[in-house]
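Chemist: Chains as they are written, first to last, in the numbering used here: chain A, 1 to 347; chain B, 1001 to 1347. The beta-carbon is built from N, C-alpha and C at its ideal position, and this holds for glycine as well.
Protein chains: 2
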Amino acid sequence: MNSTANVFAALDLPQPYLLFIGDTTEAGYAKTAFGLRDWARDRCVGELACSPDAITLGLPKLTPAQARALGARSMVIGVANAGGRILDSWMPSLLEALEAGLDLVAGMHMRLADTPALTAAAERHGRRLIDVRTPPRGIPTATGRKRSGKRLLAVGTDCALGKKYTALAIARAFKQRGVNVDFRATGQTGIMIAGRGMPMDAVVSDFEAGAAEVLSPDAAPDHWDVIEGQGSLFHPSYAAVSLGLLHGSQPDVIVVCHEPGRTHVMGLPDFPLPSLEEAIDLNLRLGRRTNPAIRCGGVSLNTSQLSQAQARALFAAESKRLGVPVADPIRGGEEFERLLDHCLRID
Amino acid sequence: MNSTANVFAALDLPQPYLLFIGDTTEAGYAKTAFGLRDWARDRCVGELACSPDAITLGLPKLTPAQARALGARSMVIGVANAGGRILDSWMPSLLEALEAGLDLVAGMHMRLADTPALTAAAERHGRRLIDVRTPPRGIPTATGRKRSGKRLLAVGTDCALGKKYTALAIARAFKQRGVNVDFRATGQTGIMIAGRGMPMDAVVSDFEAGAAEVLSPDAAPDHWDVIEGQGSLFHPSYAAVSLGLLHGSQPDVIVVCHEPGRTHVMGLPDFPLPSLEEAIDLNLRLGRRTNPAIRCGGVSLNTSQLSQAQARALFAAESKRLGVPVADPIRGGEEFERLLDHCLRID
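(1) So, is the C-beta of residue 290 of chain A closer than 7 angstroms to a C-beta in chain B?
(2) Thinking residue 107 of chain A and residue 192 of chain A are a contact (beta carbons under 8 angstroms), I'd like their distance in whole angstroms, please.
(3) What runs of the beta strand (DSSP E), each 3 residues or longer, lie entirely inside the region 1280-1335 of chain B?
(4) Count the other C-beta atoms from every protein chain shown that fall within 10 angstroms of the C-beta of residue 252 of chain A, then say buried if there are 16 or more, exposed otherwise.
(5) Buried or exposed, going by whether 16 or more other CB atoms sit within 10 Å of the CB of residue 41 of chain A?
(6) Quick one: what's got a C-beta closer than 6 angstroms to residue 23 of chain A's C-beta in the same chain, skipping five residues either side?
(7) In angstroms with no decimal places, state the Cα-to-Cα distance between residue 26 of chain A and residue 315 of chain A.
(8) Pick out whichever of B:1038, B:1100, B:1073 and B:1085 has its Cα sitting closest to the Cα of residue 1063 of chain B.
(9) Quickly, what does DSSP pair residue 75 of chain A with across the bridge? List them, please.
(10) Identify, in the order they occur along the chain, each residue of the same chain with its Cβ nearer than 6 angstroms to the Cβ of residue 194 of chain A, setting aside the five sequence neighbours on each side.
(11) Would residue 1003 of chain B count as contacting chain A if we go by Cβ distances under 7 angstroms?
(12) To the nearest angstrom, how far is the alpha carbon of residue 1127 of chain B from that of residue 1047 of chain B?
(13) Looking at the C-beta of residue 1198 of chain B, does it have a partner C-beta in chain A at a distance below 7 angstroms?
(14) Going along chain A, which residues have a C-beta under 7 angstroms from residue 1243 of chain B?
(15) If you measure from the beta carbon of residue 1183 of chain B to each beta carbon in chain A, is any gap under 7 angstroms?
(16) Going by DSSP, name the residue or residues bridged to residue 1151 of chain B.
(17) Rounded to a whole number of angstroms, what is the C-alpha to C-alpha distance between residue 94 of chain A and residue 66 of chain A?
(18) For residue 1141 of chain B, which residues in chain A fall below 7 angstroms Cβ to Cβ?
(19) Of the residues B:1324, B:1136 and B:1086, which one's Cα is nearest the Cα of residue 1116 of chain B?
(20) Would a C-beta distance cut-off of 7 angstroms place residue 1105 of chain B and residue 1074 of chain B closer than the cut-off?
(21) Buried or exposed for residue 1221 of chain B, please, with buried defined as at least 16 other CB atoms from any protein chain shown within 10 angstroms of its CB.
(22) If contact means a Cβ-Cβ distance below 8 angstroms, which residues of the region 1186-1216 of chain B contact chain A?
(23) Looking at the C-beta of residue 156 of chain A, does it have a partner C-beta in chain B at a distance below 7 angstroms?
(24) Which residues in chain B sit within 8 angstroms of residue 87 of chain A, going by Cβ to Cβ distance?
(25) Do three or more CB pairs link the region 234-246 of chain A to the region 1232-1244 of chain B at distances below 8 angstroms?
(26) What separation, rounded to the nearest whole angstrom, lies between the Cα atoms of residue 239 of chain A and residue 1142 of chain B?
(27) What does a CB cutoff of less than 7 angstroms around residue 1146 of chain B pick up in its chain, not counting 5 residues either side in sequence?
(28) From what residue to what residue does the beta strand (DSSP E) around residue 1184 of chain B run?
(29) Cα-Cα, which of A:20, A:277, A:340 and A:109 is closest to residue 202 of chain A?
(30) Taking only beta-carbon atoms, is residue 268 of chain A less than 7 angstroms away from chain B?
(31) Does residue 297 of chain A pass the burial test, meaning 16 or more other C-beta atoms within 10 Å, or should it be called exposed?
(32) Run down chain A in chain order and give the residues with a C-beta less than 7 angstroms from the C-beta of residue 1247 of chain B.
(33) Under a three-way DSSP split, which group does residue 1146 of chain B fall into?
(34) Can you confirm whether residue 1144 of chain B, when its beta carbon is compared against all beta carbons of chain A, has any partner nearer than 7 angstroms?
(35) Give me the Cα-Cα distance between residue 287 of chain A and residue 1232 of chain B, rounded to the nearest whole angstrom.
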């Protein structure tokens, strides 16, 4: 248990946050900031832009010093750009935050710690630069040992179709039902929301399943870890991440995420997506290796492009066809309640 | 193609070698040295021990200076110990090698470059310290794009049951038949034998399939890459490595390796090994994602514990049961020739 504790110490993030949105004018580039606003609102004191044209999250607009006075402990870079770079135009705000006593947290390709002006300022002010893409040290290889407690893993037919939001929504709903639950984050936005986690795609392959074991340690028999999924077993680039996460998570329950109408792997038009039946079957077959009792708790559809009537008709048809509850956790409703029931096995 | 060239440049090893066996008294700890002797004899000028009690490979015993005079360009640490450490007792020999003009090559957990006395000496003498466990920089994510040329991947029911030797033996036999072939190494010993390769288990998960794509680039239509396998899709610790390698290799042919009598994952007695049918089926099912034409070329059995008569009876029985050629590549014989025929599709 010691190594588990050490590993987590390395990725515990200082909260609450000030959210930095730079000079971003497109909401699509501020997904992290919006995710934090939507899922960790109580741990975000406000927002800071470095241009009057930037989008807004609708949070209080604060200087780093004002945020610090309101209790903020770090400023999160909540925006991205095509190259994953730290822009020169951001530097005055980043330096001001360090000076005001805030740590910096980022999950971009370019690491904060590789920016000499920031490392110098951080050292001068005794502040930390935390790159959530950098895995903690000392991750062990997986043992396959069955851990106590219950686990649910969101898996998917592809990347970027709602695995994180599905896991967050299920964890929130479990909590509302009084279930003892933790959301376990595996990607940078999820880690920022949870304030801890494991950047699974940045872990060395030999330790991938081990990292997933560390992420959801032994727990009380009635405790649930709801684990954010990554990639897809069907993704020609990232399936290694998905399989290591599946094996190491030892899920009792999977929820399979899909976006109706998406027919091919995003960015790889030569690769058709699997059917939901195939996705359920392959995840169960491979997951059985470390948890023979694995089962499918339901299907989560991202129906943001559909009307309420269309979505509900789709839930009914798909549920009948697949034999498991089908819902959109963001939409909620009785279909989602049935999915939760089935995951918790009270249907 | 530029990035491929760059990646490979980083892991091209200076040959021929002087093989360093330290003070090892057990052959089991000198697997790398024996592997190099057996599979790269023409690129090994001799051996060096630092204790009179050490085992011998039966090669000429040379000082670093003598080896250098005979053309050696590097000294390979061909032994391991439980901790994967560089022992103090080895240091005089390692320093002498650098002084004599040899680079050092190692594949241990402890990196040569993390040993200050060695980095200082290497700098002084203008020599390189090459850790074959350290992946090259700039590995891209996989694209899934179908590459030209033919590929064979050795897969297995477990770790350490003959995948490397199977791939080496098939590559050697292909060559003897006049096939245009390259052995593609994925682990440290294989990389030392080939003089190049990709340490798949040390690659960050997100780039695992991409690393396999880089390892076996576009080639002539009749060219074969025979790729060393890693781990097993059924291994609760290392399946991520195996799946990334399978997807990125896009094999036309798999050869499934197994050791008769091994019933459980080595070191994990709670995990029974899959049947050969299961291993063939799952590798084909997952491999089909990036190469729909994937097929099983045969089964390679490690029969070192059996008599010739026992082994041949087993080959016949298993071949009949599974419907593919079954052989022990180290034993050779007509069964192995049939396996080669089937891989090359001339049966």
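Modeler: In brief:
(1) yes
(2) 7 angstroms
(3) 1295-1301
(4) buried
(5) exposed
(6) Correct list, in chain order: 50, 51, 54 and 89.
(7) 32 angstroms
(8) Selected option, being the one with the closest Cα: B:1100.
(9) A:18 and A:104
(10) 183 and 185
(11) Residue placement at residue 1003 of chain B is flagged as unreliable, the pLDDT there being 40, under the threshold of 50; the coordinate-derived value follows with that caveat. So, not an interface residue.
(12) 20 angstroms
(13) Against chain A, the CB of residue 1198 of chain B has no partner CB under 7 angstroms away; the residue lies outside that interface.
(14) 239, 240 and 243
(15) Cβ-Cβ to chain A under 7 angstroms: no for residue 1183 of chain B.
(16) B:1225
(17) 15 angstroms
(18) The answer, in chain order, is 237.
(19) B:1086
(20) yes
(21) exposed
(22) 1200, 1201, 1202, 1203, 1204, 1205, 1206, 1208, 1209 and 1210
(23) no
(24) Residues of chain B passing the Cβ test: none, with the nearest at roughly 23 angstroms.
(25) yes
(26) When rounded, the separation of the alpha-carbon atoms in residue 239 of chain A and residue 1142 of chain B is 10 angstroms.
(27) 1250
(28) Annotation: the continuous beta strand (DSSP E) that includes residue 1184 of chain B extends over 1181-1184.
(29) A:109
(30) yes
(31) Residue burial is scored here from C-beta neighbours: residue 297 of chain A has at least 16 other C-beta atoms within 10 angstroms and is therefore classed as buried.
(32) 236 and 239
(33) coil
(34) yes
(35) 14 angstroms
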